[in-house]
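Enquirer: Would you mind keeping the following structure in view while I ask a few things?
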Amino acid sequence: MAVRHQLIKRAPAAVWAVLSDASRYADWVVGTADSRPEEGRWPEPESTLAYTVRLGPWTLNGRTVVRRCEPPEKLELEVDSGPLGTARIAIDVRPWGEHTLVIVDEHPLAGPGGTLHNAALDTFLQLRHRSMLNRLATVVENAPRELSARH
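176 is the number of the first residue of the sequence shown in my numbering; add one for each residue after it.
This is the structure in structure tokens:
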């Protein structure tokens, strides 16, 4: 289990505006080169988006499904990375004074990640989450305030 948190210096509505915008997924999810809505209306439960990961000359296509959505506080996703397996990613958005505390909790479900889940994998996930949460903070904190007020 990999749990990480980040204080974002904007109100929860600004954070939720980014999380609920499928077109912004690749802006904050580490390793994602491209994302696009697939089915349903993001982030309603069972809606999906497709994403592409590029590692040098290799490309991996995957899919993310919303399993739980309680705006503007909780978003739970199931990420399906094909041969790499699936994972549950829970994102909690909590007011923290005038800012927001975002907590990410990831658990491999199936495939190699689920089978080989150990401390080394959790260390990798911690590093990935640190980068992902920093990217999310940058996207949110640099967004024009009037855009986040609309969501």
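A virtual CB, placed ideally from N, CA and C, is assigned to each residue, including glycine.
With a CB to CB cut of under 6 Å and the five nearest residues on each side skipped, what residues in its chain are close to Ser210?
Expert: Tyr200, Ala201, Leu224, Tyr226
Enquirer: Please classify Ala258: does DSSP put it in a helix, a strand, or coil?
Expert: Looking at the sequence itself, residue 258 is Pro, so the reference to Ala does not match. Pro258 falls in the helix class under three-state DSSP.
Enquirer: Going by CA-CA distance only, name the one from Arg179, Leu182, Ala186 that's closest to Ala318.
Expert: Minimum Cα distance to Ala318 is reached at Ala186.
Enquirer: Measuring alpha carbon to alpha carbon, tell me which of Leu252, Val178, Arg320, Gly231 ends up nearest Gly237.
Expert: Leu252
Enquirer: Span of the beta strand (DSSP E) holding Trp217?
Expert: For Trp217, no beta strand (DSSP E) encloses it, and the DSSP letter there is neither H nor E.
Enquirer: Buried or exposed for Leu308, going by 16 or more other Cβ atoms inside 10 Å?
Expert: buried
Enquirer: According to DSSP, which residues form a beta bridge with Val240?
Expert: Note: Val240 sits in a beta bridge opposite Thr223, Glu253.
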